[in-house]
Amino acid sequence: MAAYLLRRLLEVVLILFGVSVITYLLLYLLPADPVRQIAGRSASQETVESIRRQLGLDLPVYQQYWRYLTGLLHGDLGRSYIQRSEVSALIAGRLPASLQLMVAGILAELVLGLSMGIYSALHRNSSTDNALMVIAFIAVSAPQFVVGILLLYVFAVKLGWFPIGGYGDLRHVILPALTLGIMGAGWYSRMMRSSMLNVLEQDFIRTARAKGLSRFRVIARHAVPNALLPVIAMIGFDIGIFMSGIVVVESVFGWPGIGQLTWQAIQRVDIPIIMGVTLIAAFFIVMGNLLADIVALFMDPRIKLK
Amino acid sequence: MTILRAVLRRKLALFGLVVIVLAVLAALLAPWIAPADPYRQFFDGLTLQGAPLPPGGDFILGTDLLGRDLLSRLIHGARTSLVIGVAANGIAVMIGSLIGITAGFFRGLPGALLMRFTDLMMAFPALLLAIVLAAIFKPSLWIVAMVIALVNWVQVARIMYTETVSLAERDFIAAGVSLGASRARLLFRHIAPHLLPSVIVFGTLGISTTVLLEATLSYLGIGVQPPTPSWGNIIFENQTYFASAPWLVFFPGLAIIILALAFNLVGDALREILDPTMKGKF
Amino acid sequence: MRKLLLGSIAALGILAGPMMTTAAPMGGEMIVTYKDDVSTLDPAIGYDWQNWSMIKSLFDGLMDYKPGTTELVPDLAESFEISDDGLVYTFRLRKGVKFHNGREMTADDVKYSLDRVVNPRTKSPGAGFFWSIEGYDEASTGKADGLAGVKVLDPFTVQITLSNPDATFLHVMALNFAHVVPREEVEKWGADFGTHPVGTGAFRMAEWTRGQRVVFERNPDYYQEGIPRLDRIVFEVGQEPIVALLRLERGEIDIAGDGIPPAKFLEVMANPDLKKQVVEGDQLHTGYVALNVRMKPFDDRRVRKAVAMAINKDRIVRIINGRASPANQPLPPLMPGYDPDYQGQPYDPDAARALLVEAGLADGFETQLYTANTDPQPRIAQAIQQDLANVGIKAEIISLAQSNVIAAGGEEDQAPMIWSGGMAWIADFPDPSNFYGPILGCAGAVPGGWNWSWYCNEELDRRAQAADAMADPAQAGARIDEWRSIFTAIQDDVPWVPIFNEKRFTIRSGRLDGPEGIFVDPVHIPVHYDQVYIKEGR
């Protein structure tokens, strides 16, 4: 187990290294000149070149990357070209909002998805089951920006139940979290349904029922926990999907997280910010995948049992 | 044909198929069935203050913020979605299958390298990667399709790899080897046919993902270039008005959802029909 | 040497300020919202419209503008003299002005600040404004340690020698880039000075919670008595314009910093109660289409003129709900030198077609129109596209991130046409000269420059230089006349198609008030923070 973990962690480091190389190269290829953005429109050619030299942007790309990597290994993500603050500080200022949104999004998708899935499995082939599964299909087919705008229109503009975007208390987080979670809810309800159906057919459930345990007890104590395991294993993978989702959801709701920070940075070729966010996002994604694999590993015996 | 019959037997899949056929028809016949030129900015398509016209009246679904006929733009937008959906997904499935099968079949160092590269690509936030790629190239319909393909092949590669590996280990393959079948023959006669169902399923299901990604890129203003209508960029252009002109978001949004839904329904049915073992994997 | 009384007269104006306003209420807190985080508040670096006026409240320069106007007045300088040849400026500093850290500001600080802004290590986007100071070339390339032309004569006298007469020099001294910073604080915070700003301004920094809020509090030692009026200003960031507007309607905030969101504009203007809270003003802004005169077929003046006459500017203004007025020349109406009688190239598609025929392009041609990819720019580009199609010009729209558009404009053979929206020129100071050099003069027509039309008329360049050398205030009128004629000559050559001048609509809560003009102050956007106050009774 320890050896496995060590190997996986080494892989994480290598993957992050690869991500940094590829991102740096891609950003180097952007047809825009960050120095022009920094120097402003009244700058002379000499000033521009002098700034380029100071930032090391006149060096060949591999040397530039080497400088970046050396900084990175010292825990330095560099400074924003435009905002001039430490990228780490900028990200740290934005990350809590994004994490709050992601956690709320995961909660939303689990609560919605699992309850729909359980209900469907217990009322298999009923009209509610069918309706729920159609809803699940619609949920996975709806782009987040459409869901977000529609939720805003109905629940904020028309009904006035929620604020129209913005950041603050619980009321602000509900609509963005739903938007972020709705697609996942669709997946989870389908997965949970089939996982429940699998479990319900197994011997130990039948035995439990035969022993005279109540239906509710059997479902709550035995069926659901067992059905949950393979589903929970997937949560790690959600992080990657959410890392993309927040760019859109934050833009629709004006949520002050790293998605917005990145979007602005891309508009202004603020390369250190784009690099920093990509690396942080990649780190979360890789760790999420690792987590999912580890969970799956722990469940291995049960899988073999099947 | 048996597959088609099986699809037709499922109500939801049938619905999906009908939607897809209608969308294809709309895309093909757009110039004839659209009530107006989708590019024409009608002078009386805006109020004097410059607000768009609501549905009803001369413009069935109303006008957009430039005074163009929304219905006509939606009909022409089907072309964009379908062309990108099919092309981008086709490329993605091709790249993904190629890499996945190669890695799975010729294991060893090349296979390991390919799969590590795939893992690496998995670590990128897909949308961020697409945004950066879209910023590098001058955007056009085909560039958008390429960008989406470059982001979406990864999932395909992963699953193709796993399937190839398990197929290659199956007994009958081992038997094939012992009978002295050549490797190429093995690949094309024994493995490839078994992978075909997965390719078909991905070829359908993936279109849904692609349609959504295209819409999202266009929504962010980095997809298909104006004035070419795309359901995503219609929303991008008009979203600031969603409170006073919700139809400008509602109709294109509905179009995206229904088309993506249709491909999902058909793809899911195909998966159940072609490969019962995959059930529950998603 | 001729002593100018201008300084002392204006100083009277400032003295008159508190007298006039003793009746005005003091104290209270104002909340301003923004969508974007505040970027740096370092005066040498901050260069966006959001931090520009915030910096002005934290720092002061030698010169400033009378609130609500474009009239120059001395600020940290008490008075100044200009030599007869217009090359030597001697500023006498106000005594007893203290930085927020308690130390008195002296002539050394002025020199330090100017040396710092041109030093390439500062990476200031405003360094180029100081081109006329002697020793600029050496200092800005790092060959010299400071500006040779800036001398400290005594602790309260600074003498600045120019290498060329520069009629805009006093405007430059009023720019944020020339604001005075204390060396010890800059050295203490290093690159983080922008988040720990210390100046002499009416407000001082109280709190900066990234991603949430920035709080300014009254500088009790501010040299102008009775200023600022407010005790605190809270800038809440990360607030969507639509949310901000709703909160403003509910009276939760005082100013929506990003203005009225486009979608709500018609609604607000149709609501009599809300409309009362809206102040409409002009801006020193022109949105234009740059035509690359070095790319075919725009090297032909007739083709450029045809483009100009093909575009229906009134319709474009309607598309943006009348938030602008159609333009026919580079200078905006508020700018000295604007010619109200100039007709330019009026909308006339038939004449445009005729011009194309004359140019041998009877069948039209294909070209490209670049635009930034944020709403509403692609929409405006599409309106232009349709107008051009109407006369046979097929323009493909290339909509990119603004930095990519700027990069394309900086190359001689990349972008035949650029719609400037979202990146357009908003004047740094109210002088026509600022609308020429980098964007229409030869200096900007270089790789990476901002002259996207690559227009370079050497004769006009000479005239422009001559006009800017007319530094004697007695010649001010003649100088403006000369600029007017220069811009007319430029527009007759049509390197640009001016489309519109954006208007400014500031929406504020009913409890705010202030002297005339501060809500449409051309320099302080959205409002002059030092002057605004809260009406009594609330």
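Chains as they are written, first to last, in the working numbering: chain A, 1 to 306; chain B, 1001 to 1282; chain C, 2001 to 2538. Cβ coordinates follow ideal geometry from the N, Cα and C atoms, glycine included.
Check whether the stretch 232-239 of chain A and the stretch 279-298 of chain A are in contact - that is, three or more C-beta pairs closer than 8 Å. yes
Who are the near neighbours of Leu9 of chain A in its chain, counting only those whose CB is closer than 7 Å to its CB and skipping five residues on each side? Translated into positions along the first sequence, residue 9 of chain A becomes position 9. Around Leu9 of chain A: no qualifying Cβ.
Within 8 Å of any Cβ in chain A, is that where the Cβ of Ala1013 of chain B sits? In the second sequence, the residue the question calls residue 1013 of chain B occupies position 13. No - not a single Cβ of chain A is within 8 Å of the one on Ala1013 of chain B.
When you check each C-beta in the stretch 2140-2160 of chain C against every C-beta of chain A, which residues fall closer than 7 Å? Ser2140, Thr2141 and Gly2142
Output the residue ranges of the alpha helix (DSSP H) runs that lie fully inside the stretch 2319-2358 of chain C and measure 4 residues or longer, sorted by chain position. 2349-2358
I'd like to know if Ala2174 of chain C contacts chain D, where contact means its C-beta is closer than 8 Å to some C-beta of that chain. No chain D appears in the structure shown, which is made up of the protein chains A, B and C.
For a contact defined as C-beta to C-beta under 7 Å, what are the partners of Ser2325 of chain C on chain A? Within the third sequence, numbered from 1, the residue matching residue 2325 of chain C stands at position 325. Near Ser2325 of chain C there are no residues of chain A at all, since even the closest Cβ is about 24 Å away, more than 7 Å.
Could you give the distance in angstroms between the alpha-carbon of Gly2449 of chain C and the alpha-carbon of His1194 of chain B? For the purposes of this step, residue 2449 of chain C is taken as residue 449 along the third sequence, with counting starting at 1. For the purposes of this step, residue 1194 of chain B is taken as residue 194 along the second sequence, with counting starting at 1. Spanning the two alpha carbons is a distance of roughly 59 Å.
Ser1244 of chain B touches chain C at which residues, Cβ-Cβ below 7 Å? Your numbering for residue 1244 of chain B matches position 244 in the second sequence. Ordered by position in chain C, the residues that pass the 7 Å Cβ test against Ser1244 of chain B are Ala2263 and Glu2267.
Can you confirm whether Phe1125 of chain B, when its beta carbon is compared against all beta carbons of chain A, has any partner nearer than 8 Å? Within the second sequence, the letter at position 125 stands for residue 1125 of chain B. It should be noted that the sequence gives Pro, not Phe, for residue 1125 of chain B. Yes - at least one Cβ of chain A is within 8 Å of the one on Pro1125 of chain B.
Buried or exposed by the 16-neighbour rule on C-beta atoms within 10 Å, applied to Asn2101 of chain C: In the third sequence, the residue the question calls residue 2101 of chain C occupies position 101. Per the 10 Å Cβ criterion, exposed.
Counting C-beta neighbours from all protein chains within 10 Å, is the total for Tyr4 of chain A 16 or more, i.e. buried, or is it exposed? By 1-based counting over the first sequence, the position of residue 4 of chain A is 4. Classification for Tyr4 of chain A: exposed.
Who are Ala2077 of chain C's beta bridge partners in DSSP? Residue 2077 of chain C sits at position 77 when you count from the first residue of the third sequence. Ala2077 of chain C pairs with C:Leu2093.
Chain C residues whose Cβ lies nearer than 9 Å to that of Pro143 of chain A: As a first step, residue 143 of chain A is located in the first sequence; it is residue number 143 there, counting from the start. The premise fails here: Pro143 of chain A is roughly 18 Å from chain C at the closest Cβ pair, so nothing lies under 9 Å.
Report the residue ranges of all beta strand (DSSP E) runs contained in full by the stretch 2481-2520 of chain C; include only those spanning at least 3 residues, in chain order. 2496-2507
Please say whether Asn2176 of chain C and Ile2055 of chain C have beta carbons closer to each other than 8 Å? For the purposes of this step, residue 2055 of chain C is taken as residue 55 along the third sequence, with counting starting at 1. For the purposes of this step, residue 2176 of chain C is taken as residue 176 along the third sequence, with counting starting at 1. Closer than 8 Å, so yes.
Quick test of your reading: Val1052 of chain B and Leu1061 of chain B, contact by CB under 8 Å. State the CB separation rounded to the nearest angstrom. The count along the second sequence starts at 1 and reaches residue 1052 of chain B at position 52. The count along the second sequence starts at 1 and reaches residue 1061 of chain B at position 61. The sequence shown places Pro at residue 1052 of chain B, not Val. Between Leu1061 of chain B and Pro1052 of chain B the Cβ distance is about 11 Å, and since that is not below 8 Å, they are no contact.
Would you kindly work out how many angstroms separate the C-alpha atoms of Glu2358 of chain C and Glu2366 of chain C, rounded to a whole number? Counting from 1 along the third sequence, the entry for residue 2358 of chain C is found at position 358. Counting from 1 along the third sequence, the entry for residue 2366 of chain C is found at position 366. The alpha-carbon atoms of Glu2358 of chain C and Glu2366 of chain C are separated by roughly 17 Å.
Would you say Ile2045 of chain C and Pro2125 of chain C are within 8 Å of each other, going by their C-beta atoms? To locate residue 2045 of chain C, count along the third sequence from 1; it is residue 45. To locate residue 2125 of chain C, count along the third sequence from 1; it is residue 125. Against a cut-off of 8 Å, the Cβ pair of Pro2125 of chain C and Ile2045 of chain C comes out as a contact.
I want to see whether chain A comes within less than 8 Å of Ile1033 of chain B, judged by CB atoms only; does it? One-based indexing of the second sequence puts residue 1033 of chain B at position 33. No, no contact with chain A.
When DSSP labels each residue in this structure, what does Glu1272 of chain B get in the three-state scheme? Taking the second sequence and counting its residues from 1, one reaches residue 1272 of chain B at position 272. The answer is helix: DSSP assigns Glu1272 of chain B an H, G or I state.
Can you find a CB in chain B that lies within less than 8 Å of the CB of Ser2399 of chain C? Here residue 2399 of chain C refers to the residue found at position 399 of the third sequence. Answer yes: the Cβ-Cβ gap between Ser2399 of chain C and chain B drops below 8 Å somewhere.
Does DSSP put Glu1169 of chain B in a helix, a strand or coil? The residue you call residue 1169 of chain B lines up with position 169 of the second sequence. DSSP places Glu1169 of chain B in helix when its eight states are reduced to three.
Could you check which residue in C:Pro2526, C:Tyr2533 and C:Pro2522 has the C-alpha nearest to that of Lys2066 of chain C? By one-based count along the third sequence, residue 2066 of chain C stands at place 66. Of C:Pro2526, C:Tyr2533 and C:Pro2522, the residue nearest in Cα terms is C:Pro2522.
Anything in chain A within Cβ reach of Gly1253 of chain B, meaning under 9 Å, just list it in chain order. If you number the second sequence from 1, residue 1253 of chain B lands on position 253. Within 9 Å Cβ-Cβ: Ala142, Pro143, Phe145, Val146, Val147, Ile149 and Leu150.
Continuous beta strand (DSSP E) stretch holding Phe2216 of chain C: start and end: The residue labelled residue 2216 of chain C in the question sits at position 216 within the third sequence. Residues Arg2213 to Arg2218.
Does Leu1195 of chain B get closer than 8 Å to chain C when you measure Cβ to Cβ? Within the second sequence, numbered from 1, the residue matching residue 1195 of chain B stands at position 195. No - not a single Cβ of chain C is within 8 Å of the one on Leu1195 of chain B.
So does the stretch 266-277 of chain A actually touch the stretch 63-80 of chain A, counting three or more Cβ pairs closer than 8 Å? yes
In chain order, what residues of the same chain have a beta carbon less than 8 Å from the beta carbon of His123 of chain A, not counting five sequence neighbours either side? Taking the first sequence and counting its residues from 1, the one referred to as residue 123 of chain A is at position 123. Hits under 8 Å: Asp129.
Can you list the residues of chain C that Ile1222 of chain B reaches, using a CB-CB cut of under 7 Å? Against the second sequence, residue 1222 of chain B aligns to sequence position 222. Going along chain C in sequence order, the residues near Ile1222 of chain B (Cβ under 7 Å) are Asn2373.
Which parts of the stretch 89-170 of chain A are runs of the alpha helix (DSSP H), unbroken and 4 residues or longer, counting only runs that do not cross its ends? 127-141 and 144-151
CA-to-CA distance, Ile2406 of chain C to Asp2492 of chain C, given in whole angstroms: What you label residue 2492 of chain C is simply residue 492 of the third sequence in a count that begins at 1. What you label residue 2406 of chain C is simply residue 406 of the third sequence in a count that begins at 1. Answer to the nearest angstrom: the Cα atoms are 25 Å apart.
At 4 residues or longer, and completely inside the stretch 2257-2314 of chain C: list those alpha helix (DSSP H) runs for me, N to C. 2262-2270, 2272-2275 and 2301-2310
Under the DSSP definition of a beta bridge, which residues are partnered with Pro1052 of chain B? The count along the second sequence starts at 1 and reaches residue 1052 of chain B at position 52. Note: Pro1052 of chain B sits in a beta bridge opposite B:Leu1046.
Got a sec, what are the start and stop residues for the alpha helix (DSSP H) Gln2402 of chain C sits in? For the purposes of this step, residue 2402 of chain C is taken as the residue at position 402 of the third sequence. Start and end: Gln2402 to Gly2409.
Consult DSSP for Phe298 of chain A and reduce its assignment to one of helix, strand or coil. Taking the first sequence and counting its residues from 1, one reaches residue 298 of chain A at position 298. Of the three classes helix, strand and coil, the one that applies to Phe298 of chain A here is helix, per DSSP.
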